[in-house]
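S.K.: Take this structure, written in structure tokens, and hold onto it; I'll ask about it next.
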Amino acid sequence: MRVLGVDPGLTRCGIGVVETGAGRAVGFVDVGVVRSGPDVPLERRLLTVADEVERWVTRHRPDVIAVERVFSQHNVRTVMGTAQASGVVALVAARAGLPVAFHTPSEVKAAVTGEGRAGKAQVATMVAKVLGLDSPPKPADAADALALAICHCWRSPMQDRMAQARARAEELAAVHRARLAQARAEQGDATPTAAAQWAAARAAAERSAGTWSPGAPGAPGSVGHRTTVRGKGTRR
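So in the working numbering, the last spot in the sequence shown is 243, and the numbers never skip.
In structure tokens form, the structure reads like this:
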């Protein structure tokens, strides 16, 4: 699986490509940074990001694009720029027919370093170690993009297994509900027959005891009623 990781941003947008090997092995393919100046109109900066990401997609043919999930920060302006760049990357992926996977910074740090609060230097060092690079990629945006790609390579199989487990659980739950509904339906169909049998047994017992209930089968005034008069025999 080939993964294109993107650390979204307007001033610097990191892009890195890695490829999975046997087991947890991940190989380095390429890395770079897209830059745009703050004096450039916003729409032009977004277009620059979109065009460059599109070139990388065409050049490296990734199977999926991993993007950092935007989360709340103190600097609202930075969050807005990151969110806008993320949207542009997702749009490029959609046009190329590629799936997009979003990972939070803590997920990426935990996957690469084992610590969700690791610093950028620690992340960059581990990226170089995992990919067998001579030195950590610079600037930090480039290392973060590769870290995102590595994170997805390692988290994707687990997420697939979890999705399969959820699907299996839902399938079993649906089967259970269907069987339960069928059992209830069969029980409901059998109820009138059981009630009729109980009523017939009760009527027979009352006839034997001579305590017929009004309106019950064999009771006075009902069809088949018999009255016994002592010494006179039986008349209908």
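A virtual CB, placed ideally from N, CA and C, is assigned to each residue, including glycine.
To the nearest angstrom, how far is it from the Cα of residue 133 to the Cα of residue 146?
M.R.: So the two alpha carbons sit approximately 15 Å from each other.
S.K.: Excluding the 5 residues flanking residue 98 on each side, which residues of the same chain have their C-beta closer than 8 Å to its C-beta?
M.R.: So the qualifying residues of the chain are 57.
S.K.: Taking the CB atoms as reference points, tell me whether residue 71 and residue 108 lie closer together than 8 Å.
M.R.: Yes, the pair counts as a contact, with Cβ atoms nearer than the cut-off.
S.K.: Can you tell me the Cα-Cα spacing of residue 135 and residue 37, whole angstroms?
M.R.: Taking the straight line from one Cα to the other gives about 13 Å.
S.K.: Would you kindly report the start and end of the unbroken beta strand (DSSP E) that includes residue 37?
M.R.: 33-42 is the span of the beta strand (DSSP E), which, as asked, contains residue 37.
S.K.: Three or more C-beta pairs under 8 Å: does that hold for the stretch 135-144 against the stretch 42-55?
M.R.: The stretch 135-144 vs the stretch 42-55: no contact.
S.K.: Please report the straight-line C-alpha distance between residue 34 and residue 124, rounded to a whole angstrom.
M.R.: Spanning the two alpha carbons is a distance of roughly 25 Å.
S.K.: Residue 28 and residue 153 look like a contact to me (Cβ under 8 Å); what is the Cβ gap, rounded to whole Å?
M.R.: Actually they are not in contact, since the Cβ atoms of residue 28 and residue 153 sit about 15 Å apart, beyond 8 Å.
S.K.: Using C-beta distances below 6 Å, list every residue in its chain close to residue 148, excluding the 5 sequence neighbours before and after it, in chain order.
M.R.: Within the same chain, residue 148 has close Cβ partners 14, 19, 21 and 40.
S.K.: Run through the DSSP bridge pairs and tell me what residue 20 is partnered with.
M.R.: Paired residue(s): 41.
S.K.: Give the straight-line distance between the Cα atoms of residue 178 and residue 126, rounded to the nearest whole angstrom.
M.R.: Distance between the alpha carbons of residue 178 and residue 126 is about 42 Å.
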